[in-house]
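If you read the sequence shown in full-length UniProt numbering, its first letter stands for residue 1, the second for the next number, and so on. Note that beta-carbon positions come from the ideal geometry of N, C-alpha and C, so glycine has one too. Computed from a predicted model, the values in this text were never measured in an experiment. Heads up, the thing below is written out as structure tokens.
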Amino acid sequence: MGSPSDGGFVGRFMDSLHHYSAVYDSLEAGFPMQGRARALVERVFLGPRIAGSLARIYRACGEEEWCSWGQWLSAVGFRAVSTSFANHCQAKLLLGLYNDGYRVEELGSNKLVLGWKSRRLLSASIWTSKDSDL
């Protein structure tokens, strides 16, 4: 969803607004005939996430230090594991089963990002303990 340190409260709020608008648009395009099920997902899953996102934005005002999940995981003893070619191919195959507009991109060596049109929706990354053989 972009860098949390960009643009203060208004910038963070607008970034969150655009993110969740893209999520809603992707649900509408992906499940046009399932209005009741989509409404349930919106109410039970997305509503609380949006409220939590706004609470975090509000609490973050005035905070100077932000770190990403990756920075935090590295700091507490984990290391990134590279995604494989098979991971990337499987993600593209799964997206091919659904409506056009979805995309997958690889960020760094260990992160795949699901996008809707030009907006990033969520990402998945692979981490392991520093002691692991992976």
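Range of the contiguous beta strand (DSSP E) that encloses residue i
i	result
Leu-112	111 to 116
Arg-79	78 to 80
Straight-line Cα distance separating residue j from residue i
i	j	result
Val-41	Asp-131	39 Å
Ser-68	Gly-77	15 Å
Ala-80	Gly-11	29 Å
Glu-28	Val-104	19 Å
Asp-92	Phe-13	Residue 92 is actually Lys in this sequence, not Asp. Cα to Cα, Lys-92 sits roughly 30 Å from Phe-13.
Opening and closing residue of the alpha helix (DSSP H) in which residue i lies
i	result
Arg-43	Note, Arg-43: premise wrong, no alpha helix (DSSP H); not H, not E.
Leu-97	No alpha helix (DSSP H) contains Leu-97, which DSSP labels as neither H nor E.
Candidates the options: closest to residue i by CA position
i	options	result
Pro-32	Ala-124, Tyr-98 and Asp-133	Tyr-98
Tyr-20	Gly-115, Ala-124 and Ser-74	Gly-115
Asp-15	Ser-53, Arg-38 and Glu-105	Ser-53
Asn-110	Asp-100, Gly-8 and Ala-86	Ala-86
Coarse secondary structure for residue i, derived from DSSP in three states
i	result
Ser-74	helix
Ser-26	helix
Ser-129	strand
Within-8 Å CB hit, residue i to chain D
i	result
Leu-46	Judged by its chain identifiers, the structure shown contains no chain D, having just a single protein chain.
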